[in-house]
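Take the sequence shown: its letters are residues 19 to 493, numbered as in our numbering. For every residue, glycine included, the Cβ atom is placed at its ideal position computed from N, Cα and C. Since we're looking at a predicted model, the values are computed, not measured. Have a look at the structure below before the remarks.
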Amino acid sequence: MGESYNSFLNPLSFSYFVSLLIIPIRLTSLLQAFVLALSVRQSEKTKTCPHPAVPIYASIVLSNEDLSVGTTVTYSCDEGYELFGESARACLPTGKWSGEIPNCAVNVAYGKPANQSSSVRGGEASHGNDGDLTIVHENKYCTETKAEDSPWWQVDLLHAYPVRVVRIVTRGCCGHQPLQDLEIRVGNSSSVQGNRLCAWYPKTLDDGVTKDFDCAYPIIGRYVYVQMVGIQGSLTLCEVMVFTTQEISSGRCGNQLEPLELTTFSRTCYEFQVQKGGSFDAARDYCVARGGLLLHGVKDLSHHFIASELERRKDVLKSKLVWLGAQRDQGLRARTWHWVDDSAVQQYLWAEDQPNNYNGQQNCIVLDGGRRWLWNDVTCDLDYLPWVCQYSPSNCGNPDRQENSTILEKDFRLGQSVTYQCPTGNKVVGDRIRRCESSGFWSGSAPSCECELIMSKSVVLYFSCFISRERNFPA
């Protein structure tokens, strides 16, 4: 009898046994509690893991649907995103998943305005984020400062992003000073020390290598600095990439009719048709046929981005005048302009002495490469000018899921919804339904699953939840 009594208490513990007695649920006999205790013991022999957590923009493949010990989960990212962390995790005998949840992020530094403390031998700051991974400088592929105290390089992301990872590609051999004593800072200050420290590397980086620097936690900022601290030397970088989860990738820019040169900024997709040419109407119709509109709604920051992109492409542009999606109102309102989406132009970025409405027929606007890409009014029938199309993202990508929650839906296009589910005996806490909004981002946040204590007839539901927790999160 003593052995049976101890066997009964062992899987539950005395405190748990007491909690059974005080829960205000009618137990018809001690035998029912004994049966429940045995079921707990049985569950410990067949441990499983909870459904694994999934980061935003990721999908998973399970080796076993029953989530038993030894099951592996393999993560992959949506098109245009890169995986950071382990791509596979395993269900351990403890009922927990090995390792940490990975992340899917996109580079937002490419082509953005760059600056540095000085420049020598053709090592312009713009070489540090031009997408060219060549590690032999030859005075045209990498950045280079002169030898000076604490040299630095900076990129202006033009938008404050939560930065997770900064990647540096170092210059190959030879004849330069290796990178050493690096600080990477992220923030909203245009001075180096006014920003928060993301990573510190007190060693020397080898030549011709690629190294990722993880921020201890995401730091929100518009500016990213790389600096050699406390030494006199020359800073040279062949490429710097800045990764965030809070931007759309070009892979989410829609189902286009032909391969396009796409880039993204501030949750908007842009297509630079730099080698085509046509009138304003032809450019407008081209964009509309592909589900977008001619470039519109341009303000200071977006203009800076567009100007930077056009400047990078100036050698292949069909013309240094590029159509902007705005037209002059006719008749009595001839002094006002409207965008192609029918909204009024509120902020004007005219070049000096513009608009002049030469010949009284200049009812369209171009970005003028000879005037720092500021605005110039022209006639709308010029039939050789390139253009930029602007698109909203077509989908929100794979939504994130917390541990033990699942979704069944596979359609993540704008306007669609997903519904989160939890195992039997658990309840959804948070946003059970999330909608793919016009911004290309999911509404709300991923909910969690918590045990649901039902105080009336559903005794089995409550205890099945508890058993599940014991199985998934053992003491």
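Query                                                                                                                        : Result
Contained beta strand (DSSP E) runs [length at least 3] in the region 427-461, N- to C-terminal order                        : 435-439, 444-447 and 451-453
Distance CB(Gly103)-CB(Glu118) smaller than 9 Å                                                                              : yes
Reference Thr282; option with closest CA among Cys95, Leu319, Ala234 and Ser268                                              : Ser268
Supposed contact pair Gly239 and Val6 - C-beta distance, whole angstroms, cut 8 Å                                            : Beyond the ends of the chain as shown, which are 19 and 493, falls residue 6; an answer cannot be given.
Cβ-based neighbour list, Asn213, same chain, cut-off 7 Å, excluding 5 preceding and 5 following                              : Arg203, Val204, Gly205, Ser207, Gly239, Tyr241 and Tyr243
Ile41 burial status per 10 Å Cβ neighbour count (16 or more: buried)                                                         : Low per-residue confidence applies at Ile41: pLDDT is 43, beneath 50, and the placement is therefore not dependable enough to give any value.
The beta strand (DSSP E) enclosing His314, as first and last residue numbers                                                 : It is not in any beta strand (DSSP E) - His314 carries neither H nor E in the DSSP assignment.
With 16 other Cβ atoms within 10 Å as the buried cut-off, status of Ala464                                                   : buried
Beta-carbon proximity check, Glu257 vs Asn147, cutoff 9 Å                                                                    : yes
Residues that DSSP places opposite Tyr241 in a beta bridge                                                                   : Asp174 and Gly205
Cβ-based burial, Cys271 [other Cβ within 10 Å; buried from 16]                                                               : buried
Buried or exposed (CB count within 10 angstroms, at least 16 for buried), Arg390                                             : exposed
Straight-line Cα distance separating Pro73 from Ser466                                                                       : 14 Å
Inter-residue spacing [alpha-carbon to alpha-carbon] between Trp218 and Phe231                                               : 9 Å
Inter-residue Cα distance where the pair is Arg125 and Val260                                                                : A small fix is needed here, since residue 125 is Asn in this sequence, not Arg. If I take the Cα positions, the gap works out to 5 Å.
Chain-order list of residues whose beta-carbon lies under 7 Å from that of Asp174 (same chain, five-residue window excluded) : Lys130, Pro131, Arg240 and Tyr241
N-terminal and C-terminal residue of the alpha helix (DSSP H) that Arg353 is part of                                         : No alpha helix (DSSP H) contains Arg353, which DSSP labels as neither H nor E.
DSSP three-state assignment for Asn147, whether helix, strand or coil                                                        : helix
Distance CB(Ala362)-CB(His314) smaller than 9 Å                                                                              : no
Per-residue DSSP class, three states only, for Leu335                                                                        : coil
Tyr376 (DSSP reduced to helix, strand or coil)                                                                               : helix
Opening and closing residue of the alpha helix (DSSP H) in which Cys95 lies                                                  : Element bounds for Cys95: not the alpha helix (DSSP H) but the beta strand (DSSP E), Thr90 to Cys95.
Given 8 Å, three or more beta-carbon pairs between the region 418-426 and the region 318-329                                 : no
DSSP three-state assignment for Val181, whether helix, strand or coil                                                        : strand
Pick from Gly149, Thr286 and Ser94 that is closest to Ser456, judged by C-alpha positions                                    : Thr286
Three-state secondary structure assigned by DSSP to Arg389                                                                   : helix
Through-space distance from Asp360 to Gln198, alpha-carbon basis                                                             : 54 Å
Same chain, Cβ closer than 7 Å to Val247, five either side skipped, listed in chain order                                    : Ser168, Asp199 and Glu201
C-alpha distance - Gln380 paired with Leu339, whole-angstrom precision                                                       : 14 Å
Inter-residue Cα distance where the pair is Glu370 and Ala301                                                                : 26 Å
Among Pro404, Gly190, Cys398 and Cys414, nearest to Gly98 - alpha-carbon criterion                                           : Cys414
Local conformation of Asp84 per DSSP, three classes                                                                          : coil
Continuous beta strand (DSSP E) stretch holding Val227: start and end                                                        : Taken as a continuous stretch (DSSP letters only), Val227 belongs to no beta strand (DSSP E), as it is neither H nor E.
Nearest neighbour of Ser410, chosen from Lys317, Tyr288 and Arg331 [CA to CA]                                                : Tyr288
Cys305 - containing alpha helix (DSSP H), residue span                                                                       : Phe298 to Ala307
Proximity winner among Thr222, Gln211, Gly226 and Thr263, relative to Tyr235 (alpha-carbon distances)                        : Thr263
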